[in-house]
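Worksheet: the structure to be examined is printed underneath.
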Amino acid sequence: MKGNAIKYDKDNIDTDVILPGTYLKLHDYDELAKHAMEGLDPDFHSKVKDGDYIVAGRNFGCGSSREHAPIALSYSGIKAVLALSFARIFYRNAVDGAFLLPIEIDEDAYKSISNGDQLEISVEKNTIKNLTKNKDYKMKPFSELIGKIIVAGGLFKYKP
Amino acid sequence: MNITEKILARASGKNNVSPDDVVFANVDKAMIHDVSGPGVIKVFEKLAKQGISVDKLWDPSKIWVAEDHFVPSADQVSAENIVQLSKFTKKYGIEKHFKYGMGQYGICHTLSHEEAMVLPGEAYVGGDSHTNTTGALGAFACGLGHTDMAYVLLNGKIWFKVPETYYFKLNGKLSEHVMAKDFILRIIGDIGTEGCAYRAMQFGGTGINEMSVEERLTLTNMTTEAGAKNGIIAPDQKIFDYLGARGAKNFTPVYDDANNEYAKIFEYEASELEPLVAKPYSPENVAAARDISSIELDKAYIGSCTGAKLEDLRAVAKILKGRKVKIRTEILPAAISIYKKALDEGLVSIFLDAGVTIGPPTCGACCGAHMGVLAKDEVCVSTTNRNFPGRMGHVESKTYLASPLVAAASAVTGKITDPRDLK
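Chains as they are written, first to last, in my numbering: chain A, 1117 to 1276; chain B, 156 to 578.
Here's what the structure looks like:
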């Protein structure tokens, strides 16, 4: 899958900025998408395109357990978040709800990818291709269970 | 094995588990509230469309429901969520639904201990990140999202990767001006908000033995802020007395095996701890209250599962007795039962005489929902647990996290104040 990088050169992007608390009462997924990243990047909703990727630093999605966070990103069109590391509840919400792929990248990839770069991701091959810069990066392979849940299409479709 | 591992082994029907093992654990109790509940209902609607049966829950007697984030209903949308939640519990036969305006209700994590909803040795999950709080009772307590909670409500089980455990040992007894909040802020300041990511945080030592049940709950509550999967404390007689007084019986406490080893041990001396604050915009951004006493404040917020338990209110009253607040100050007891005890003990009069506004139990402004959210550039000292940008309102408001003693002393002076420096 191909898409463009929206890069935030920042660690600890928390769920309060991904989807501010005042919108927790909303449960219409398209409505939530309108407020995605509002606390960090008020222009996000107008610039995000279907198939884009977010690229960020360590501990992405820390804070609250709100599934609204991966939902808002997913319904904005984000197919994967590429980060140095993820907070645990965001990670499992993204996978179990089949909203987006949380992909762990290394420092080299993080430093190399610029805002707007076109990326091609292959989960099967564990590779990320930067088509703009003509570079290849590795991604951390998913653990066995996570891989199976992703292939199944979410926790409810996975048969233990 | 340690406590966390033993509970997860028992819950998943295994004799032994080790860190990084993936298990499907049968849970003993599950909780949803007015944010995660409607989220679960939405997942149920999606499942029904896909032909997956949502006719029956796994065990309605093990599921309980709280109304806390947007109550009393903050607006029409919140009111509709509450109506939806009530229809849900009625339809599925969930009897333990704590409704506002109908006796006991409050913040879910506070009810978990006030109402003895969770017991030592149990595996407990909740649709809220601060579910970790309840681990102070000696349970495995862990927060999950909507999809996972929907899965638990229907199947009674969920996957976990067994965490490795970091052990935090506190030697000695906390001094009069230092609270559990200062200890956990010290830890998060030292290890960072990712310092215990995916791990269990276990607390022990003489300092923990000396600590009251409610103070221990402050520690486990904020393990979430260090990224932890769960926080846990070996249950002792104080826990048994506390739960016994609330009608709990028939439970099996779990303890570390004699040959248990922790992945890492951190040791702290109670005598070396002092009143702290976490500055904007992270719980790890810790400073001594004395070192930032020039910070001027607009508001003090005393509320939440972290900082509005009965002992928190007693600490605040100790400071506010005979004094007036200099800045807007709100106190929102974390549950009706705590509100009533505060009233009976005369704390409410002390607060009103000091000029404080008292609100109903609610998560309220802690999560930027309602009941005193912050405007642009407003500066607040708060007994809550998070201070990310926009957490309590406008993205450019500023929250300083502090103990109830520091928050109350700061309310009196209008600046960040170490309670020892209050005249």
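Cβ atoms here follow ideal geometry from the backbone N, Cα and C, with glycine treated the same way.
Residue range of the beta strand (DSSP E) that includes Cys297 (chain B): 295-298
Contact set for Met257 (chain B): own chain, Cβ-Cβ below 8 angstroms, skip 5 residues either direction: none
Residue of B:Tyr260, B:Asn326, B:Leu428, B:Pro438 minimising C-alpha distance to Thr379 (chain B): B:Pro438
C-alpha distance - Met156 (chain B) paired with Leu299 (chain B), whole-angstrom precision: 24 angstroms
Reduced DSSP secondary structure (H/G/I, E/B, other) of Ala231 (chain B): Checking the sequence shown, residue 231 (chain B) turns out to be Gln, not Ala. Reduced to three states, the DSSP call for Gln231 (chain B) is helix.
Selection of the stretch 525-558 of chain B by Cβ proximity to chain A, strictly under 9 angstroms: His525, Val528, Arg541, Phe543, Pro544, Gly545, Arg546, Met547, Gly548, Val550
Runs of beta strand (DSSP E) lying entirely within the stretch 160-246 of chain B, each at least 3 residues, in chain order: 177-181, 184-187, 218-221
Cα-Cα separation between Val511 (chain B) and Val480 (chain B), rounded to whole angstroms: 7 angstroms
8 angstroms Cβ cutoff, Ser1192 (chain A) in contact with chain B: no
Contact check, Leu240 (chain B) vs Gly192 (chain B), beta carbons under 8 angstroms: yes
CB contact below 8 angstroms: Phe1272 (chain A) versus chain B: yes
Buried versus exposed call for Pro318 (chain B) [16 or more other C-beta atoms within 10 Å across all chains shown]: buried
Contact set between Phe421 (chain B) and chain D, taken where Cβ atoms lie within less than 7 angstroms: Among the protein chains in the structure shown, which are A and B, there is no chain D.
CB contact check: Lys197 (chain B) to chain A, cutoff 8 angstroms: yes
For Ser565 (chain B) and Ala400 (chain B), believed in contact at Cβ under 8 angstroms, the rounded distance: With a Cβ gap of about 33 angstroms, Ala400 (chain B) and Ser565 (chain B) do not count as contacting.
Presumed contact (8 angstroms Cβ cut-off) between Gly1135 (chain A) and Ala1203 (chain A), rounded CB distance: One detail in the question is off: residue 1135 (chain A) reads as Leu in this sequence, not Gly. Not a contact, Cβ separation roughly 14 angstroms.
Neighbour flag for Phe295 (chain B) against chain A, beta carbons, 8 angstroms: no
Separation of Glu1154 (chain A) from Leu1200 (chain A), as counted between CA atoms: 22 angstroms
Cβ pair Val1164 (chain A), Ile1205 (chain A) closer than 8 angstroms: no
Residues, ordered as in the chain, of the stretch 499-522 of chain B that lie near chain A by beta-carbon distance below 7 angstroms: Cys522
Chain-order list of residues whose beta-carbon lies under 8 angstroms from that of Ala418 (chain B) (same chain, five-residue window excluded): Pro174, Glu319, Thr320, Tyr321, Arg354
Run of the beta strand (DSSP E) containing Pro1218 (chain A), from where it starts to where it stops: 1217-1220
Residue range of the unbroken alpha helix (DSSP H) whose run includes Gln392 (chain B): 392-399
Buried versus exposed call for Leu1247 (chain A) [16 or more other C-beta atoms within 10 Å across all chains shown]: exposed
Glu380 (chain B) in three-state terms, based on DSSP: helix
For Lys1118 (chain A), the residue or residues it bridges with in DSSP: A:Glu1236
Rounded C-alpha distance that separates Thr1138 (chain A) from Ala1210 (chain A): 21 angstroms
The stretch 187-214 of chain B: positions lying closer than 7 angstroms to chain A by Cβ: Val190, Pro193, Gly194, Lys197, Leu202, Ile207
Reduced DSSP secondary structure (H/G/I, E/B, other) of Thr484 (chain B): strand
Cβ-based neighbour list, Leu212 (chain B), same chain, cut-off 7 angstroms, excluding 5 preceding and 5 following: Ile218, Tyr247, Leu308, Leu309
Cβ neighbour criterion (16 or more within 10 Å) applied to Asn170 (chain B): exposed
Interface positions of the stretch 369-386 of chain B facing chain A (Cβ-Cβ less than 9 angstroms), listed along the chain: Thr379, Glu380, Gly382, Ala383, Lys384
Residue of B:Thr538, B:Thr539, B:Cys522, B:Lys553 minimising C-alpha distance to Ala530 (chain B): B:Lys553
Under 9 angstroms by beta carbon: chain B residues contacting Lys1141 (chain A): Asp189, Val190, Pro193, His224, Phe225, Ala229, Asp230, Val232, Ser233, Glu235, Asn236, Ala524
Nearest-angstrom Cβ-Cβ length linking Phe323 (chain B) and Ile342 (chain B), presumed shorter than 8 angstroms: 6 angstroms
Rounded straight-line distance, which links the Cα of Gly290 (chain B) to that of Pro390 (chain B): 9 angstroms
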